[in-house]
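Just below is one structure, and these are the notes that go with it.
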Amino acid sequence: TPMTANFSQPTIPTNISADILGKWQDIAATIVSNRVPGNSNGLTALGDTLAGHKWIEAAHVCYLLSRSTSTISGCSNTSSPRLVLVSSANPSKTHNFSKDSDPFIFSEILEYALSFVSTTPGQEPFHGFPHLQSYRLLHAWQLVEMGRDKLAQRYCDAIASTLRTINRGSPFFTLTFLEQLKELTERLVAAPQLEK
19 TPMTANFSQP
29 TIPTNISADI
39 LGKWQDIAAT
49 IVSNRVPGNS
59 NGLTALGDTL
69 AGHKWIEAAH
79 VCYLLSRSTS
89 TISGCSNTSS
99 PRLVLVSSAN
109 PSKTHNFSKD
119 SDPFIFSEIL
129 EYALSFVSTT
139 PGQEPFHGFP
149 HLQSYRLLHA
159 WQLVEMGRDK
169 LAQRYCDAIA
179 STLRTINRGS
189 PFFTLTFLEQ
199 LKELTERLVA
209 APQLEK
């Protein structure tokens with residue numbers, strides 16, 4: 019098959035006009051409405067083409083419609099995610115990604131929505147995106163800088179809850195991450211005492 023080790027990955031055509039790219043919604047709708055094997059691969063390929071032309075939001079819609087072939091995860095050595103933060107280019111390749119909180123908030127909304135999807139018998143329930151916890155921690159630090167300590171504490175509590183819920187190790191829960199979480203939590207616990 020074309021995706022085995024004997025064949026190279028398909029290259030993204032670079033000569034597609036903006037007029038053609040602008041029809042991505044019609045193309046995606048056609049793929050989704052014709053339920054045939056390979057739909058997910060087609061949507062992922064469309065998403066890859068859109069992402070290759072910097073149409074990030076459109077690419078992410080395609081990836082969300084093709085979750086079986088589009089990885090939603092953080093940047094690790096074991097996977098090549100197509101979607102890390104919703105509506106943002108891959109943060110590992112984007113400078114100042116933390117300046118805009120919308121992708122983080124959109125990702126939280128996606129995570130929340132996916133928590134309502136029922137699981138099939140024998141399948142592990144969705145516990146959230148482990149990779150999103152580091153972005154939550156970054157956001158909590160930003161909230162502290164804005165003086166929103168109570169909301170930052172809620173984020174720390176949510177991270178701690180996720181750490182307890184995900185019962186297997188995760189490459190995203192590094193020692194540095196855990197130390198930063200502990201430092202911020204201790205700072206927030208001490209903050210009300212300092213105000214007295």
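Using this note's numbering, you'd call the opening residue of the sequence shown number 19 and step up by one each time.
Glycine included, every Cβ here is placed at the ideal spot set by N, Cα and C.
For Leu-101 and Val-50, the rounded distance between their alpha carbons = Within the sequence shown, residue 50 is the residue found at index 32, counting from 1. Within the sequence shown, residue 101 is the residue found at index 83, counting from 1. If I take the Cα positions, the gap works out to 19 angstroms.
Contact check, His-71 vs Leu-103, beta carbons under 8 angstroms = In the sequence shown, residue 71 corresponds to position 53, counting from 1. In the sequence shown, residue 103 corresponds to position 85, counting from 1. For His-71 and Leu-103, no; Cβs fall outside 8 angstroms.
request  = For Leu-101, name the three-state secondary structure that DSSP assigns.
outcome  = Within the sequence shown, residue 101 is the residue found at index 83, counting from 1. Reduced to three states, the DSSP call for Leu-101 is strand.
Best match in Thr-203, Ile-184 and Asp-37 for proximity to Leu-161 [C-alpha to C-alpha] = Taking the first residue of the sequence shown as 1, we reach residue 161 at position 143. Of the candidates Thr-203, Ile-184 and Asp-37, the one whose C-alpha sits nearest the C-alpha of Leu-161 is Thr-203.
ask   = What whole-angstrom Cβ distance do Ser-86 and Ser-58 have, given they're in contact under 8 angstroms?
value = Here the question's residue 86 lines up with position 68 in the sequence shown. Here the question's residue 58 lines up with position 40 in the sequence shown. Going by Cβ atoms, the distance from Ser-86 to Ser-58 rounds to 5 angstroms, so yes, they are a contact pair.
ask   = Pairing CB atoms from the region 169-176 with CB atoms from the region 187-198, are three or more of them under 8 angstroms?
value = no
ask   = Which whole-angstrom value is the C-beta distance of Ser-91 and Thr-62, which I expect to be below 8 angstroms?
value = Numbered from 1 along the sequence shown, position 73 holds the residue referred to as residue 91. Numbered from 1 along the sequence shown, position 44 holds the residue referred to as residue 62. Between Thr-62 and Ser-91 the Cβ distance is about 14 angstroms, and since that is not below 8 angstroms, they are no contact.
ask   = For Val-135, which residues from the same chain have a beta carbon less than 8 angstroms from its beta carbon, with the 5 sequence-adjacent residues on both sides left out?
value = Within the sequence shown, numbered from 1, the residue matching residue 135 stands at position 117. Excluding sequence neighbours, Val-135 sits near Phe-144.
key: Contact check, Gly-60 vs Ala-77, beta carbons under 8 angstroms   = Taking the first residue of the sequence shown as position 1, residue 60 is located at position 42. Taking the first residue of the sequence shown as position 1, residue 77 is located at position 59. No; because the gap between Cβ atoms is not below 8 angstroms, this pair is not in contact.
ask   = Where does Ile-45 fall in DSSP's three states?
value = Sequence index remark: in the sequence shown, residue 45 carries index 27 (1-based). Residue state, collapsed to three classes: helix.
task = List the DSSP bridge partners of Ile-74.
result = As a working mapping, residue 74 is identified with position 56 in the sequence shown. Partner(s): none; Ile-74 has no beta bridge.
ask   = Quick one: what's Ile-90 bridged to in DSSP?
value = Locating residue 90 in the sequence shown gives position 72, counting from the first residue. In DSSP, Ile-90 forms a bridge with Leu-101.
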